[in-house]
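Structure record follows, encoded as structure tokens.
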Amino acid sequence: MMMMMIMMMMRSVISYLSSSELVAAFQRACGLFPAARAAHERSRVHEGGKKPACREGPSERAANGRPKSEDWSLQYVVKNWPLFFLFVVSTMLGNEVSYISFLPFIHWNLDPFLCRRLVNMWTVVMYIGQVLKDMLKLPRPLSPPVVKLEQRIEFGMPSTHAMAATAIAFTLLLSAPERVKFQFEVGLVVAVVLSALVSLSRLYTGMHSALDVICGNLISALILVVSYPYWDSLDFFQLNNPMSPVIALVVPLMLCYNYPALDHYSDSRGDTTIILGAGAGCSVGYWLNQRLGVTFEPSGPFPVNLPPMTLRIFTFGVARFVVGLSILVLTRQVMKWIVLRVLCWYYDVAVDDVGARRRKEIEVPLKFSTYLAIGLVNTVVVCRVFVLLGLL
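For the sequence shown, the positions run -19 to -1, 1 to 373 when mature numbering (1 follows the signal peptide of the UniProt record, and there is no 0) is used.
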């Protein structure tokens, strides 16, 4: 009897946390409302009790809960602009593009050791999150009642934004004391605030339920707790074992080719391939730097004091970021151009055939090799260019 009551309570809590109404209530509390005209059109009922054609029925939704027609999804009213900008910026911080920019910045301007830890955890967490989405196949919040600020075609559970934000923030918090002197309590507050903002932004944008976000946070926390005792051992293996680059290339590539298949096309496989490719490239690059005897890491003794921010340090940091990012963008464009044409020639398809690009035999090697090159260039080439330019 007691077990039945506990099960019923758990079902009730899960149902409440996964409800679209809870997301809509959070949006309204933050000053985000559907436009009056759109709301009126969706609630209007034709004569005879039939709903208007613009209203979505079950058959008008994709498998992931996303409506097949989203023309009305951008019709919203903002009554609290500070919160709007706060959450929009916060959700941008959780995008893959932001991490692919932020992680090299850490490598070039702070410490490659920290970047290595962050890339490793980011890759693992994002892969697990993406696979869980396509295995569980749970829908995103329904609209109406939720206002959608983005268009996504992946499934909802768990929130990979929440997973990545939690993993990045707390991996940095746990790794930094080994290398840099700082007040841990301040770092803890910053980590909690950043991960909370990114997580809440997914509710605000209507992309995830509260359950999606909470599960994302908990899964990341579990991965961190389980893996933390082995970070030093994995770091030593990654840098010194002769098999490290082989494993770093073969395992991610196998995971990409064996990604869970769906009955419709989704960005998930491509996004996961990008992440695994970048992670593999960085891993091989760090191993190669160790072999070459130049890792570009700060000299000890550790932990070191952070130097005071001066105009010279700021200028050099910005210059390194601009030059480095330009090199990575150029690498991406060149590799994508070359690999795409080679693959299209091999499979005898047109370069501009979008459908062909979505085929696994083209999408996986294209994205994996492109971002593998980006990871290698980021870790091996860019810092050497900085030395030649006098920026390092």
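For each residue, glycine too, the CB sits at the ideal point set by N, CA and C.
Computed from a predicted model, the values in this text were never measured in an experiment.
Pro15 carries a strand assignment under DSSP once its states are collapsed to helix, strand and coil. Note that the C-beta distance between Pro282 and Arg160 is not below 7 Å. Inter-residue distance for Asp252 and Met138 is about 16 Å (C-alpha atoms, whole angstroms). Taking C-beta separations shorter than 7 Å and ignoring five residues to either side along the sequence, the partners of Val106 in its chain run Met144, Ala145, Ala148, Ser201 and Ile204, following chain order.
7 Å or more divides the Cβ of Thr291 from the Cβ of Ile355.
DSSP lists Pro15 as the beta-bridge partner residues of Tyr57. Of all alpha-carbon atoms in Leu353, Lys60, Cys237 and Leu220, the one lying nearest the alpha-carbon of Gln271 is that of Leu220. Look at Val232 here: in three-state DSSP terms it is helix.
For Leu243, the CB contacts under 7 Å within the same chain, skipping 5 residues up- and downstream, are Asp115 in chain order. For Val323, the three-state secondary structure derived from DSSP is helix. Thr296 counts as exposed, since fewer than 16 other beta carbons sit within 10 angstroms of its beta carbon.
Beta-bridge analysis with DSSP links Val161 to Val285. For Gln314, the number of other beta carbons within 10 angstroms of its own is below 16, and it is reported as exposed. No Cβ-Cβ contact shorter than 7 Å links Tyr185 with Phe94.
Closest in C-alpha terms to Val304, from the list Ile343, Arg365, Glu342 and Arg293, comes Arg365. With at least 16 other beta carbons inside 10 angstroms of its own, Met102 counts as buried. With a cutoff of 7 Å on beta-carbon distance, Ser190 and Ser(-8) are scored as not near each other. Rounded to the nearest whole angstrom, the C-alpha separation of Met224 and Met(-17) is 50 Å. In this structure, the straight-line span from the alpha carbon of Val207 to that of Asn76 is close to 25 Å. Annotated as distal: Ser1 and Pro120, with beta-carbon spacing of 7 Å or more. For Phe68, the uninterrupted alpha helix (DSSP H) segment begins and ends at Trp62 to Leu74. Judged by DSSP in its simplified three-state form, Ser249 adopts helix.
Annotation: the continuous alpha helix (DSSP H) that includes Ser(-5) extends over Met(-18) to Leu(-3). Scanning Ala172, Ser176 and Pro233 for the CA closest to the CA of Ser140 turns up Ser176. Buried is the label assigned to Trp268, since at least 16 other Cβ atoms lie within 10 Å of its Cβ. Inter-residue distance for Arg340 and Pro158 is about 45 Å (C-alpha atoms, whole angstroms).
Taking the Cα of Pro289 as reference, the smallest distance to any Cα among Thr72, Phe163 and Gly12 is reached at Phe163.
Taking 4 residues as the shortest admissible run, the region 102 to 166 contains the following complete alpha helix (DSSP H) segments, listed from N- to C-terminal end: 141 to 156. Residue range Ser1 to Ala10 is occupied by the alpha helix (DSSP H) that includes Leu3. Ranked by Cα distance from Phe7, the first of Asn90, Leu113, Tyr211 and Val127 is Val127. Between the alpha carbons of Phe165 and Leu155 lies a gap of roughly 9 Å.
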